[in-house]
Structure formats: structure tokens, C-alpha cells
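Working notes, beginning with the structure itself.
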Ligand code: NZQ
Ligand code: ZN
């Protein structure tokens with residue numbers, strides 16, 4: 023059995039009205055002045071922002087605001103946030119939104135706390151941050167798990183490169199206020215895209231070509247079944263609180279390390295392939311993953327058909343005989359059927375993109391860091407493999 027370290031320092035407060043505790047909490051953490059960071063319009067339109075401001079005012083916590091974070095959050099907004107926080111002597115960052123807002127907050131936190139270098143160097147991985155301003159989260163979309171994770175993903179408009187930061191525990195949020203009700207205003211596409219991302223965070227850790235722990239496998243399989251079941255409910259009944267709650271908690275557990283205990287870190291090739299699509303074409307992250315996963319799975323499953331057969335049987339109740347390959351392929355098909363049932367794409371074309379050969383080559387070139395790295399562990403993929411997967415996903 024593999025050794026592992028599991029560290030989840032984020033304090034989670036879960037349930038109806040959880041977000042109203044934000045003022046008291048920030049006071050408790052000794053915050054003097056907080057940046058409220060948010061997205062384009064949803065937090066303002068729903069009245070959430072006003073509730074947050076009132077909670078802070080009641081607790082006598084000073085604040086400044088910076089909105090306008092877009093999906094696939096931009097480096098220019100991060101720089102704006104760093105300048106603002108320095109000018110205003112901000113000592114705490116509050117993300118009110120989804121993965122994009124949280125990641126932008128984390129990057130601002132790194133930028134402020136490491137004035138000795140440019141923040142983008144942490145995303146190029148040429149430097150490692152030594153500190154981060156504390157981050158708190160009010161989550162409005164269940165998807166990335168960034169509310170408990172150690173990573174941040176930012177897009178640099180100069181070259182449209184989407185890159186993950188050096189992973190450190192410094193940026194893990196101090197607290198995450200998880201009120202499933204706040205996700206009820208999401209468009210269906212974002213809800214389901216979030217569900218795919220949650221599934222993928224567990225699948226990336228599950229599809230490893232090595233010995234795993236029975237307990238971790240069971241947690242992962244159960245988590246996947248829960249998300250699939252509730253994602254379907256939310257197609258018909260988007261205001262269903264219990265389904266929203268199941269999905270929200272699954273989102274946090276899927277990316278806080280739990281489903282990777284004993285699996286040695288995971289594969290992550292689909293995430294790397296998707297990040298290039300997100301950087302170049304601004305697609306929703308979960309939808310981009312759905313568009314690629316089937317092509318990746320068919321490209322790699324023969325490395326370990328038994329693992330895919332276990333997935334088919336334990337997640338989709340597909341009987342497993344002795345023909346592991348057949349069962350493996352049936353499991354891949356079942357996951358794609360699920361994606362279709364929640365109106366998620368199973369090809370790049372269904373994302374609304376028609377890619378040229380030159381664009382595929384550019385995607386693979388960027389994803390391979392200009393042909394200097396491979397991705398994936400289930401099967402190690404080089405630039406040519408990446409091109410083939412993008413091609414078969416068209
Ligand atoms: O900007 P607003 O108006 O708020 O609209 C957002 C946005 O358009 C909307 N939205 C969010 N909450 C809403 C709402 N609309 C109505 N009601 C609500 N309650 O949803 C849209 C998507 O928001 P975004 O934050 O972009 O979504 P998500 O949480 O999926 O974040 C995606 C980003 O996180 C990165 C992705 O690559 C992508 O850039 N990831 C971050 C990870 C991490 N740090 O650990 C891991 C992930 O694998 C992922 O890479
Ligand atoms: Zn993801």
C-alpha cells in the first residue's frame with residue numbers, strides 16, 4: 023500500500039445561511055480590511071454582495087471591492103487586485119463566487135505576499151511563493167473544489183496561456199462558507215459543467231495504473247455515483263436543496279485530496295488537455311473536460327482494462343465477466359451517455375468549436391510546454407499523443 027499525506031486545513035461551514043457568518047468569522051481571524059472579490063454580475067444581481075457587505079459592516083470589518091473576474095480568470099485582473107490591496111493595506115481576501123474568483127484571489131494573495139518577484143513566475147513555475155495573504159470563500163458554484171484546494175489556475179492574455187500555479191498549502195482557504203442555496207441561481211449549463219468537473223477530479227485520481235486502496239476506491243466510486251444521481255435530479259428540479267447540497271459537498275471532497283489518498287497523485291492528462299482549450303477558446307472548464315474525456319479514455323484504457331472494468335461495474339453497475347476490455351468500453355460509453363443526459367458535450371465540435379490542424383498542433387505544442395514535457399501517468403502522453411487525442415475528440 024502506498025504512503026500518503028492528507029492535509030485539509032480549510033474550516034468548512036455548511037448549510038443554509040452559512041454565508042451570513044462571514045463578518046463574525048473575519049473578525050475572529052483578526053481581519054482589519056478585506057478585499058471582496060467577485061465575478062461579472064451574479065453576486066450583485068442575486069443580492070448576495072449586499073448581504074456580505076452588511077455582515078461585514080455589522081461586524082465592523084472594513085472592506086474594498088473588486089468585481090469583474092471572468093471564467094478562465096485573467097492575469098490582468100490579478101495585477102489590478104494586487105495593486106488595489108497594496109494601496110488599501112488589505113490583510114484578508116474574500117472570494118465571493120466560483121473557481122475563477124477563488125483562483126484570482128489566491129493569485130492576488132501570492133502577489134501581495136511575495137513582492138520580490140512577479141506573480142506570473144509562480145504560474146511558470148520558475149519561482150515558488152513563500153507566503154500568501156489569507157483567503158476566505160463564499161462559494162456560489164459547486165465545481166472546482168478550489169475552496170479547499172492548494173492550486174490556482176490563471177490565464178495570461180499575453181499568449182492565452184492557462185497555467186496552474188506551483189501547488190502550495192499557503193493558498194488553501196482559511197474558511198469556506200458553503201450554502202447550497204446560493205447555487206440555485208446557476209444556469210443549467212454551469213450546474214452540469216460543475217458536476218462534470220467534480221466527477222473528473224475524482225476520476226483523475228482514480229484512473230491510475232498502480233495499486234490503490236480499497237477504501238479510497240469505495241469513497242471515489244460512491245462520490246461519483248452520488249454526483250451522477252444528483253446531477254440528473256438537478257436537470258429536472260434545479261431548486262432541489264438536497265441535490266444541491268450533495269453536489270456541493272462532493273465538489274469539496276473531490277478536490278481536497280481525499281479521493282487521492284493512496285493513489286499516488288493521479289493522472290491529470292484530461293485537465294492538462296482541457297486547460298489549453300480553456301486558454302485558447304475560453305470554454306467552460308467542466309464542459310471542456312466532458313468533450314475530451316471519452317477520447318482520452320479510449321486512447322489509454324488498454325494500459326489497464328481491469329481498472330476501467332472496475333469503474334464500469336462499481337459506478338455504472340455493468341456486469342463484469344472475464345472480458346475486461348468489453349466491460350471497460352461499456353463503462354466509457356456509460357459515462358458519455360451520462361454526459362449527454364445532462365446536455366454536456368462529448369466532442370470538441372459539441373463545444374461549438376471547429377478546430378483546424380494548425381490549431382490542434384498549437385494546442386498540443388502548448389500542452390507539452392513546447393515539446394518539453396509529457397502528461398499523464400495512466401499512460402504517459404507526448405505531444406503526438408496529445409494531437410491524436412484532440413483529433414479523435416473533434
Ligand atoms: O461572473 P458571474 O456573473 O458570477 O458568473 C459566473 C460565471 O459566468 C457564473 N456563476 C457562478 N455562481 C453563480 C453564477 N451564476 C449564477 N448564479 C450563481 N450562483 O458561473 C460562471 C462560471 O463561474 P466560474 O467561477 O468560472 O466556474 P468554476 O467554479 O467552474 O471555475 C472554473 C475555473 O476554475 C479552474 C478552471 O480551470 C477555471 O478556470 N479550476 C480551478 C481549480 C483549483 N483552483 O483547484 C481546479 C479545477 O480543476 C479547475 O482547473
Ligand atoms: Zn477541474
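Residue numbers (this note's numbering): 23 to 416. In this text, a Cβ means the ideal position worked out from N, Cα and C, and glycines have one as well.
Cβ-heavy atom distance, residue 94 to the ligand NZQ, below 7 Å = The beta carbon of residue 94 sits closer than 7 Å to at least one heavy atom of the ligand NZQ.
Cβ-based burial, residue 243 [other Cβ within 10 Å; buried from 16] | buried
For the region 39-47 and the region 75-83, state whether three or more C-beta atom pairs, one from each stretch, are separated by less than 8 Å.
-> yes
Check residue 188 in the structure and name its three-state DSSP category.
-> coil
Are residue 115 and residue 86 closer than 8 Å when you measure CB to CB?
-> No, these two residues do not count as a Cβ contact at 8 Å.
Tell me, to the nearest whole angstrom, how far the beta carbon of residue 372 is from that of residue 214; I am working on the premise that it is less than 8 Å.
-> Contact flag wrong, Cβ pair sits at about 13 Å.
What is the C-beta distance between residue 346 and residue 331, in whole angstroms, given that I count them as a contact (C-beta under 8 Å)?
-> 4 Å
State the Cα-Cα distance for the pair residue 110 and residue 138, rounded to the nearest angstrom.
-> 19 Å
Just to confirm, does residue 398 get its C-beta within under 7 Å of one of the non-hydrogen atoms of the ligand NZQ?
-> no
With respect to 7 Å, is the separation between the Cβ of residue 357 and the closest non-hydrogen atom of the ligand ZN below this value?
-> no
Check whether the Cβ of residue 166 sits closer than 7 Å to any heavy atom of the ligand ZN, and report yes or no.
-> Yes, since a heavy atom of the ligand ZN falls inside the 7 Å radius drawn around the Cβ of residue 166.
Every unbroken alpha helix (DSSP H) within the region 157-239, with a cutoff of 4 residues, ordered by chain | 210-228
Opposing strand residues paired with residue 55 [DSSP bridges] | 84
Any idea what DSSP makes of residue 78, helix, strand or coil?
-> helix
How about residue 225: is its Cβ closer than 7 Å to a heavy atom in the ligand ZN?
-> Checking the Cβ of residue 225 against the ligand ZN gives no.
Residue range of the beta strand (DSSP E) that includes residue 36 = 33-36
Given residue 201, which residues of its chain have a CB within under 7 Å of its CB, disregarding the five upstream and five downstream residues?
-> 37, 38, 39, 40 and 41
How is residue 323 classed by DSSP in three states: helix, strand or coil?
-> The answer is helix: DSSP assigns residue 323 an H, G or I state.
Between the Cα of residue 246 and the Cα atoms of 262, 374, 216 and 141, which residue gives the shortest distance?
-> 216
Sorry if obvious, but does the Cβ on residue 334 come closer than 7 Å to a heavy atom of the ligand NZQ?
-> No - the ligand NZQ has no heavy atom lying nearer than 7 Å to the Cβ of residue 334.
Note down, in chain order, each residue of its chain lying with its Cβ closer than 8 Å to the Cβ of residue 190, except the 5 sequence neighbours on either side.
-> 150, 151, 154 and 172
Rounded to the nearest angstrom, how far is the Cβ of residue 88 from that of residue 222, given a contact under 8 Å?
-> Actually they are not in contact, since the Cβ atoms of residue 88 and residue 222 sit about 30 Å apart, beyond 8 Å.
Just the C-alpha distance for residue 313 and residue 410, rounded to the nearest angstrom, thanks.
-> Rounded to the nearest angstrom, the two C-alpha atoms are 14 Å apart.
Member of 228, 338 and 323 whose CA lies at the smallest distance from the CA of residue 290 = 228
Cutoff 8 Å: residue 270 Cβ touching any chain C Cβ = In the structure shown, chain C does not exist; there is a single protein chain.
Could you please give me the residues that DSSP links to residue 402 through a beta bridge?
-> Paired residues: none, contrary to the question.
Whose C-beta lies closer than 6 Å to the C-beta of residue 231 among residues of the same chain, with five residues either side of it excluded?
-> 325, 326 and 400
DSSP three-state call for residue 263: helix, strand or coil?
-> helix
Sort 33, 299, 49 and 283 by Cα distance to residue 184 and report the nearest one.
-> Of the listed residues, the one whose Cα sits closest to residue 184 is 299.
Three-way DSSP call (helix, strand, coil) for residue 119 in this model | strand
Have a look at residue 162 and residue 119 and give me their C-alpha separation to the nearest angstrom.
-> 5 Å
Taking the DSSP output, what are the residues bridged to residue 28?
-> Its beta-bridge partners do not exist; DSSP assigns none.
What residues in its chain sit with their C-beta under 7 Å from that of residue 292, if we drop five residues either side in the sequence?
-> 222, 226, 311, 314, 315 and 318
Alpha carbon to alpha carbon, how far is residue 380 from residue 268? Give it in angstroms, no decimals.
-> 42 Å
First through last residue of the alpha helix (DSSP H) which encompasses residue 391 = That residue, residue 391, is in no alpha helix (DSSP H); it is neither H nor E in DSSP.
Going by CA-CA distance only, name the one from 302, 377 and 336 that's closest to residue 414.
-> 377
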